[in-house]
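Residue numbers (the numbering used here), protein chains in the order written: chain A, 1152 to 1468; chain B, 730 to 932; chain C, 2 to 171.
We put the beta carbon where it would ideally sit given N, CA and C, even for glycine.
Values in this document were obtained by computation on a predicted structure and should not be read as measured data.
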Amino acid sequence: MFRVVFVLALMLFPVLGQAMEWQQLEEMRQAVQQQNYRGEFLHRRGDQTSVYSIVHRFEDGQGTELLKQQDGDMIEILRHDDKVICYFPAGSESAANHGIPAAPFSQVSQLALKQIASNYHAHSLGQAIVAGLKTNIIELTSDEWRFSQKLWLEVDTRLLLQSEIMDARGQVLEQFRYTRIELGADIGDQELVSRLSDQQGVMQQVNTKTAQPKPISSGLHTKMSWAPEGFNLVSAQQQMNATGWIDKRTYSDGLASYSVFAEMVPEDEDSKQSAMAKMGATLAFMTHNNGLAITIVGEIPDATARQVAKKLQMEDF
Amino acid sequence: MSETVDADLILVRKAQKGDPRAFDLLVLKYQHKVASVVSKLVSEHDAVEDIVQESFIKAYRAISGFRGDAQFFTWIYRIATNTAKNHLESMGRKPSYRGQNLDDVTQIDMTEKLHDQDSPDGLLARSQLEQHLQKVLAALPEDLRVALTLREFEGMSYQDISEIMSTPIGTVRSRIFRAREAVEQELHAVVSGLGRRDLAQMS
Amino acid sequence: MSTKVNESFSAFLDGEATELDIQRMLKAMEKEPSVVSHWHDLSKVQAAIQGDPVLDQPQTLTLTPEQETASQPPRKRWRLRVFQGGIAAAVAALVMTSAGLQLQVASNDQSAVPVIAVQNQTTEQVQLLTQQQYEAQQQLERFLREHAEQAAFTTGHVVVPAPLQWVETE
Chain A
1152 MFRVVFVLAL
1162 MLFPVLGQAM
1172 EWQQLEEMRQ
1182 AVQQQNYRGE
1192 FLHRRGDQTS
1202 VYSIVHRFED
1212 GQGTELLKQQ
1222 DGDMIEILRH
1232 DDKVICYFPA
1242 GSESAANHGI
1252 PAAPFSQVSQ
1262 LALKQIASNY
1272 HAHSLGQAIV
1282 AGLKTNIIEL
1292 TSDEWRFSQK
1302 LWLEVDTRLL
1312 LQSEIMDARG
1322 QVLEQFRYTR
1332 IELGADIGDQ
1342 ELVSRLSDQQ
1352 GVMQQVNTKT
1362 AQPKPISSGL
1372 HTKMSWAPEG
1382 FNLVSAQQQM
1392 NATGWIDKRT
1402 YSDGLASYSV
1412 FAEMVPEDED
1422 SKQSAMAKMG
1432 ATLAFMTHNN
1442 GLAITIVGEI
1452 PDATARQVAK
1462 KLQMEDF
Chain B
730 MSETVDADLI
740 LVRKAQKGDP
750 RAFDLLVLKY
760 QHKVASVVSK
770 LVSEHDAVED
780 IVQESFIKAY
790 RAISGFRGDA
800 QFFTWIYRIA
810 TNTAKNHLES
820 MGRKPSYRGQ
830 NLDDVTQIDM
840 TEKLHDQDSP
850 DGLLARSQLE
860 QHLQKVLAAL
870 PEDLRVALTL
880 REFEGMSYQD
890 ISEIMSTPIG
900 TVRSRIFRAR
910 EAVEQELHAV
920 VSGLGRRDLA
930 QMS
Chain C
2 MSTKVNESFS
12 AFLDGEATEL
22 DIQRMLKAME
32 KEPSVVSHWH
42 DLSKVQAAIQ
52 GDPVLDQPQT
62 LTLTPEQETA
72 SQPPRKRWRL
82 RVFQGGIAAA
92 VAALVMTSAG
102 LQLQVASNDQ
112 SAVPVIAVQN
122 QTTEQVQLLT
132 QQQYEAQQQL
142 ERFLREHAEQ
152 AAFTTGHVVV
162 PAPLQWVETE
C-alpha cells in the first residue's frame, strides 16, 4: 500500500524519468532503519579511516542498534528507538565532545525527496558487488554549489552498502563501505548489549532524540541575504554563551547541509584573516566579515562556503 | 531634581554605539558584584580577578546583541558564571556550586556574603573590616550616617529616605555621597589594599 | 574634579542617576580620565559595606594614564590578546588537536599554525594563550558537533568523528 502511495507521490516530482532512482532512495532509508543485519563498515575521510561493527534489529516497529568503534576511542553506542546510550571507555571521555557516531541515513526520519529531486540528477550506473552482495549503483549529480554522491544499494533490500561523496573533479572526499554484512540475520538480545555497560570507569552519556525546533523568525542579530539555489533554511536559533550571542542557521538541499554560526566582534578585533579546515566532505570555514566572526560548517565546496559568508551581515536595529 | 532614568540601559545603548566610557561606568558599578558571583564558584583569588575582567571583555564584545529585555546585571551575571565554568573546566575541574553540578544551578545565592564561606583567616579579616566600618560609620555626622545606613543596609530608595528624613531628594543624594567619601577617606589605607587582601583571604 | 560629578557617580551606584548625571559623568571621563580611580574607590566602599569582594584595580576597558603605569604588563597584554583572539587561535587549536597536542602551546613545529606571533612569551602569557586556544577549540568542536548531529537528522549524513585537517589561511 505504502509503495502505491509513494509511487503516486513520485508523479509530482519534476523529473519523472528518475522516479525509480528516487524510489530506491526512500527504500534505502527504510532498509537502513528497518532491516535486520550485522556487519562491519569502514569510513574514510581523506587520510583518516575508521572501522565500526554494527548489529541492527528491527522488531515490533522499533529499531535497536549497537555500534562499536573498532579503533581509536573504542566507544560503543546503543540506540533503541529514540534513546541513545554512548559508552566511553576510561580515558576516552573527551570523545564526548564530538558527535555521537551514526551510520549514514540511520537517523533521518524523512528524506526530503521532492527537494532532492529538484536539486540533483539521478543516474543509474549499473551494478557492482560490495561485501559479497550485488548492488545497484546510483549517482546523484548537481551544480557547482554542492558535491556529487554515489550510492551502492543492495538489489533486494536496497540497504546502503557503500556511498561516496565526490568533489567537482571526481575526487572521493568521503567513503562509507561495508566490508562484511549479513542481511536478514537472526539477532538475539545478547548481541545488543554493550560489553562496556557493566565495566568500571566507563562513562555513559544518555541522549533522547527530540523533535527539531522550528526555525525562529525573529530575534536573530544577523541577516542572510543569499543561499545557494535549492538550499532551504531548516533551523535558526540564537544561543547565548560566555562570549555573548551566537546566531545559528542550518540550510539543507535534502542531501547536503551547512550550518552558519555568527557572533559579533568589535572593530578593533575585526580581521581580514580567514581559515579553513576539512574532515572529508565536511568543511569548517572561519572568517570575519561585516564586523562578524563567521564559522561555516557543512558538506559543501569551498566556494559555496565563501559565498555564503559574504552574504551574512548584521541586522539593522 | 530631574527624573531618575534607567541609566544602565542608556549606557548600554551608548556602548553599542561605540562609546567605551559608557561601558566603563557599568564596569565600575558592577565589578564587585560580578566578583561576588565568581568567588562563589572559583576559590583562587587571582583567577577571580581574571575571570571578572574576562567577563566584562566578553560582555563588551557582545554588547551589540544586548537588547535590554533583561537587566544588564542579569546578563553579565550569566556571562560571568559561564566564564567561571569554562575556567574550571579548563583546569580539569567539574564546575560546582554547593556540591551541585553548575549546569544544574540556576541561581547563585547573592545574599550569601563572603563571611559565610570564608576561611578562619578570612573571617578574621572580614570581622576586622566590619569593626573598622562600624567605627567609621559611628563617627559620621548623624545626617550622613542615617542616609547611608538606610541606603546600604535597608536598601531604601532615595525617595523613601527623603520621606523618612523629611528632606529633599537632592539633599539625600548629597548626604549619601558625602558619607561614602568620608568612609573612603577614613578607610583609605585599609580599602586601597583591600582588594588584594580581601580576595587573598578567600582562597 | 567637581563634587557634583562625584555625587552623580554615587547616585549612579544606587540606581538613582538622572540623564544629567550620565552626561556629567561621561564628560568628566573624557576631560579627566583619572576620575575613574576616584570612582573606583567610592565603589569599593559600597562593596565593602555590602560584603562583596573588593577588586583592587578597576576592570575598565579604557585605562587611565596612572593605571597604564601601574598596571601589570602581562594583564594588559592579555587584554589585547583577548581582542586579538578568534580564528587564528581556533585554527592553532585545531592543528594541535589533530596532532594530539591538546593544551600544549609550546609546539616545536608551528609552521602550519597561523597564530599571531607573540615574542618572548612569559609563562603567564603562554597560559593565557593556552586558555584562549582551548576555548576556541571547544567552541569549534561544539559547532562541528551541532552541525553533525543536525545533518544526521536532516540529510542522513554519517557521523564519524575524525581530526580536522587545516588547509589554509589567508
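What span of residues does the alpha helix (DSSP H) with residue i cover, start to end?
| i | result |
| --- | --- |
| C:Ser11 | 4–14 |
| B:Leu754 | 749–770 |
| B:His816 | 801–819 |
| B:Ile792 | From DSSP, B:Ile792 is part of no alpha helix (DSSP H); its letter is neither H nor E. |
| A:Leu1176 | 1170–1185 |
At a CB-CB cut-off below 7 Å, which residues of chain C make contact with residue i?
| i | result |
| --- | --- |
| A:His1194 | Val159, Val161 |
| B:Ser768 | Pro54 |
Are residue i and residue j closer than 9 Å when you measure CB to CB?
| i | j | result |
| --- | --- | --- |
| A:Glu1414 | A:Leu1384 | no |
| A:Ala1241 | A:Met1354 | yes |
| A:Phe1298 | A:Gln1313 | no |
| B:Val767 | B:Val756 | no |
| C:Ile23 | C:Ser9 | yes |
| A:Asp1211 | A:Thr1359 | no |
| A:Gln1213 | A:His1231 | yes |
| A:Glu1261 | A:Gly1381 | This sequence places Gln at residue 1261 of chain A; Glu is not what is there. Cβ distance not < 9 Å, so A:Gln1261 and A:Gly1381 don't count as in contact. |
| A:Arg1195 | A:Ser1201 | yes |
| B:Val777 | C:Pro54 | yes |
| A:Ala1253 | A:Ile1228 | yes |
| A:Glu1305 | A:Leu1284 | yes |
| B:Arg790 | A:Val1416 | yes |
What residues of chain B sit near residue i, judged by a beta carbon separation below 8 Å?
| i | result |
| --- | --- |
| C:Val37 | Asp753, Leu757 |
| C:Ala18 | Thr733, Val734, Ala736 |
| A:His1372 | Ser793, Gly794 |
May I ask you to report which of helix, strand or coil DSSP gives residue i?
| i | result |
| --- | --- |
| C:Val160 | strand |
| A:Thr1200 | strand |
| A:Thr1455 | helix |
| A:Arg1488 | Residue 1488 of chain A cannot be examined here, being either before or after the span of chain A that is shown, 1152 to 1468. |
| A:Lys1265 | helix |
| C:Asp42 | helix |
| A:His1439 | strand |
| C:Leu21 | helix |
| A:Val1323 | strand |
| A:Gly1190 | strand |
| B:Leu862 | helix |
| B:Leu873 | helix |
| A:Ser1299 | strand |
| A:Phe1231 | According to the sequence provided, residue 1231 of chain A is His. The question's Phe does not apply to it. Here A:His1231 sits in strand by DSSP. |
| B:His917 | helix |
| A:Val1259 | coil |
| B:Leu738 | helix |
| C:Met26 | helix |
| B:Val777 | helix |
| C:Thr155 | helix |
| A:Ser1403 | strand |
| C:Gln140 | helix |
| B:Asp798 | coil |
| B:Ser784 | helix |
| C:Ala149 | helix |
What does residue i touch in chain C if you count any residue whose Cβ is under 8 Å from its own?
| i | result |
| --- | --- |
| A:Glu1450 | Ala152, Thr156, His158 |
| A:Gln1464 | Simply none; closest approach about 18 Å. |
So the beta strand (DSSP E) residue i belongs to, where does it begin and stop?
| i | result |
| --- | --- |
| A:Ala1279 | 1272–1281 |
| A:Leu1284 | 1284–1292 |
| A:Phe1382 | That residue, A:Phe1382, is in no beta strand (DSSP E); it is neither H nor E in DSSP. |
| A:Gln1355 | 1354–1359 |
| A:Ser1408 | 1408–1415 |
| A:Gln1313 | 1311–1317 |
| A:Glu1216 | 1213–1220 |
| A:Gln1464 | 1463–1465 |
Could you tell me whether any Cβ in chain E is nearer than 9 Å to the Cβ of residue i?
| i | result |
| --- | --- |
| B:Ala776 | Going by chain labels, chain E is absent from the structure shown, which instead holds the protein chains A, B and C. |
Run down chain C in chain order and give the residues with a C-beta less than 9 Å from the C-beta of residue i.
| i | result |
| --- | --- |
| A:Leu1262 | Thr156, Gly157 |
At 8 Å on the CB atoms, spell out the chain A contacts of residue i, in chain order.
| i | result |
| --- | --- |
| B:Ser895 | Residues of chain A passing the Cβ test: none, with the nearest at roughly 45 Å. |
Below 7 Å on C-beta distance, what does residue i contact in chain B?
| i | result |
| --- | --- |
| C:Ala12 | Arg902 |
Whose Cβ in chain A lies nearer than 9 Å to the Cβ of residue i?
| i | result |
| --- | --- |
| C:Gln60 | Under the 9 Å cutoff, chain A gives no residues; its nearest Cβ is about 16 Å from C:Gln60. |
Return the residues of the region 1191–1224 of chain A that lie within a Cβ-Cβ distance of less than 7 Å from chain C, sorted by chain order.
Legend: CB atoms of the region 1191–1224 of chain A lying less than 7 Å from CB atoms of chain C belong to residues His1194, Arg1196, Gly1197, Gln1199, Ser1201.
Please list, in chain order, the residues of the region 1170–1183 of chain A that have any C-beta partner in chain B closer than 8 Å.
Answer in chain order: no residues at all.
Cβ-based contacts, 9 Å cut-off: residues of the region 1233–1254 of chain A near chain C:
For the region 1233–1254 of chain A, the set of residues with a beta-carbon nearer than 9 Å to any beta-carbon of chain C comprises Ser1245, Ala1246, Asn1248, His1249, Gly1250, Ile1251, Pro1252, Ala1253, Ala1254, in chain order.
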